[in-house]
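Just so you know, the sequence shown maps onto residues 1 to 254 in the working numbering.
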Amino acid sequence: MAYMAADPSDIDRMPRGGFRASCLDRLLETDRPEYLDRDDVDSSIKNQVIGALDWTGRFFKNHERFAGIALDLIADVPDPRILELGAGHGGVSRQLLADHPSAHVTVTDLDPESVARIAASDLGSHPRAEVRRMDATAIDAADGSYNLVLFALSFHHLRPAQAARVFAEGTRVADTLLIIDLPRPPAPLHLLRLATMLPAAAVLPFVHDGIISSLRSYSPSALRSLAHHADPSIELTLRSGLTEPQIVIARRGR
Ligand SMILES: C[S@@+](CC[C@H](N)C(=O)[O-])C[C@H]1O[C@@H](n2cnc3c(N)ncnc32)[C@H](O)[C@@H]1O
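Structural data, given as structure tokens:
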């Protein structure tokens, strides 16, 4: 059974599954923050999560895959300017720089510790990289500064009103905003995915955050509502699959 929210313009009340999410889907969400979003957890726990994300990104070749999706979108731009938001460990930016000989990448995150760690790595002295702290909901850059903005595995961290700001800001500062995130499966499959993860959540911070990420992931219909709320002229292309991430390509209509 599907329910309409009282007021679709009240975007912060939108369920992660969208305004017409089923009862079961509405149960599969949480306001609980991930370790990465909390100020009251030891930084070693956050480092474990970020380290695990980097390791899985390299092992399962997600960094390569994400960089490939991004570079395909700007294949016709000779010396592209790319902004990565929520870079975490910087692995995807590193891959972008390795895979494109003349791309300039601004590598950013909200978390000052992550920014400091990235700045202290090879990226800090890379001739085509700049490392900065930046909030994806209030991007410190002029209109049209970039060819592409990339926000990978981070969008679900944001409440709907904040997430809508990313659509507004990303499409303001760049021709193309690319969001790659966890897909939100149909509720029965989602339940199954959560059940398989649950036993390890108590001992592995990475899995703990993975479960919350899954519960906070946005459905395609929610993504469309967020973009429309940000600016009705934003055009979305959505792609995903059972084993694929949710890929969101956003551009302002001309
Ligand atoms: C799960 S990590 C993803 C790291 C990396 N992008 C990846 O693909 O593995 C989420 C990141 O989003 C960042 N983040 C959360 N809210 C943000 C915001 N408002 N602006 C920018 N980054 C944000 C967090 O600090 C964290 O580094």
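Even for Gly, the Cβ is constructed at its ideal location relative to N, Cα and C. Just so we're clear, the structure is a prediction, and the values are computed from it rather than from any experiment.
Among the options, the one whose alpha carbon lies nearest that of residue i
i, options, result
"PRO220", "ALA136, LEU191, ILE212 and THR237", "THR237"
"GLU113", "ARG13, ARG94, GLU244 and SER43", "SER43"
"GLN246", "ALA201, GLY88 and ILE180", "ILE180"
"VAL193", "PHE206, ASP135 and GLY210", "Checking the sequence, you will find Arg at residue 193 rather than Val. Taking only the C-alpha atoms, the option nearest ARG193 is GLY210."
"HIS208", "ALA116, ARG32 and LEU85", "ARG32"
"SER213", "GLU29, ARG13 and CYS23", "GLU29"
"ARG13", "LEU226, THR196, GLU34 and GLY253", "LEU226"
"ALA174", "ARG252, HIS100 and ASP40", "ARG252"
"THR106", "LEU96, HIS100, ALA129 and LEU123", "ALA129"
Identified DSSP bridge partners for residue i
i, result
"GLN246", "ASP181"
"TYR218", "Its beta-bridge partners do not exist; DSSP assigns none."
"ARG132", "THR108"
"LEU236", "ALA250"
"THR176", "LEU148"
"GLY241", "GLU244"
Secondary structure of residue i, DSSP reduced to three states
i, result
"THR30", "coil"
"ILE74", "coil"
"THR137", "coil"
"ALA83", "Note that residue 83 corresponds to Leu in the displayed sequence, not to Ala. Here LEU83 sits in strand by DSSP."
"MET1", "For MET1, the pLDDT reaches just 37, beneath the cut-off of 50, and the residue's location in the model is therefore unreliable, leaving the point undetermined."
"GLY91", "helix"
"SER44", "helix"
"SER213", "helix"
"ASP12", "helix"
"SER22", "strand"
"HIS100", "coil"
Distance between beta carbons of residue j and residue i, contact taken as under 8 Å
i, j, result
"ALA250", "PHE167", "6 Å"
"HIS63", "GLY86", "Contact doesn't hold; Cβ gap of about 14 Å is too wide."
"VAL115", "ARG132", "7 Å"
"ILE274", "ALA161", "As shown, the chain starts at 1 and ends at 254. That puts residue 274 outside it, with no answer to give."
"ILE82", "ALA98", "So it is not a contact: roughly 13 Å between Cβ atoms."
"GLU244", "PRO183", "7 Å"
"TYR218", "ARG16", "5 Å"
"LEU288", "THR137", "Given a span of 1 to 254 for the chain in the structure shown, any question on residue 288 remains unanswerable."
Cβ contact (3+ pairs, closer than 8 Å) linking the stretch 163 to 178 and the stretch 142 to 154 = yes
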